[in-house]
Every structure is written in C-alpha cells, then in structure tokens.
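Quick note on numbering: full-length UniProt numbering labels position 77 of the sequence shown as 77, and the sequence is numbered without any gaps. Each residue gets a CB set at the ideal place from its N, CA and C atoms; glycine is no exception.
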Amino acid sequence: MTKADLVVKIAEKANLTKANAERSLNAFLETVEDTLVKEGKLTLTGFGTFAVDERKARVGRNPRTGAEIKIPATKVVKFRPGKLLKDAVK
C-alpha cells in the first residue's frame, strides 16, 4: 500500500475529502516524527510503540572485496507492535 492508497482509505473511512485526509495523515506523520526527535518514544495503546534506539559503531565487511569497513554509530527507529495489532494480524 502506498501513501496515496492510504489517503483514499482514510478518506473513505472518515468520510473526508482526499485533500483533508492527506492533510490529516501528513499532520500525524509530522507529529510522530517530532515526538520521536524530542522524546524518543511514542506509544499508541493497542497499536504499538515507536522508539529511538542507538546502534553502536561496529566493523563490517564489504561483501565484494571482503575488506573491513567501519560502520559509524547511528540512531534508528524501532517499532514494537501492541497486543491488539498482533491479534489482528494473526
């Protein structure tokens, strides 16, 4: 499913125009991003938890040459699904 498909589904389910559905989706995504940047964690009860985690620097290998490369430390976003989402997917 693409973002455009999601906008259409939201518009249908919430009885909104596509333009309003897209603005709502964009506002939601911006809010999630801002919250993760500032607080590092966002919990949507029943749906799941988004959390920022830090990966340590490590040494990897170039698969073509086998040469060692240094992979720098970085922050990644992890998602842990909630019980309701897990049960819905089963």
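Query                                                                                    : Result
Three-state secondary structure (DSSP) of Ala19                                          : helix
For Lys3, three-class secondary structure by DSSP                                        : helix
Own chain, CB closer than 8 Å to Arg61, minus 5 neighbours either side, in chain order   : Ala67, Glu68, Ile69
Which of helix, strand or coil DSSP assigns to Glu54                                     : strand
In DSSP terms, what Lys9 is bridged to                                                   : According to DSSP, Lys9 bridges with nothing at all.
Which listed residue (Lys75, Leu84, Leu85) has its alpha carbon closest to that of Val37 : Lys75
Proximity of Ala51 and Val32 at Cβ, strictly below 9 Å                                   : no
First and last residue of the uninterrupted beta strand (DSSP E) at Lys70                : 68–71
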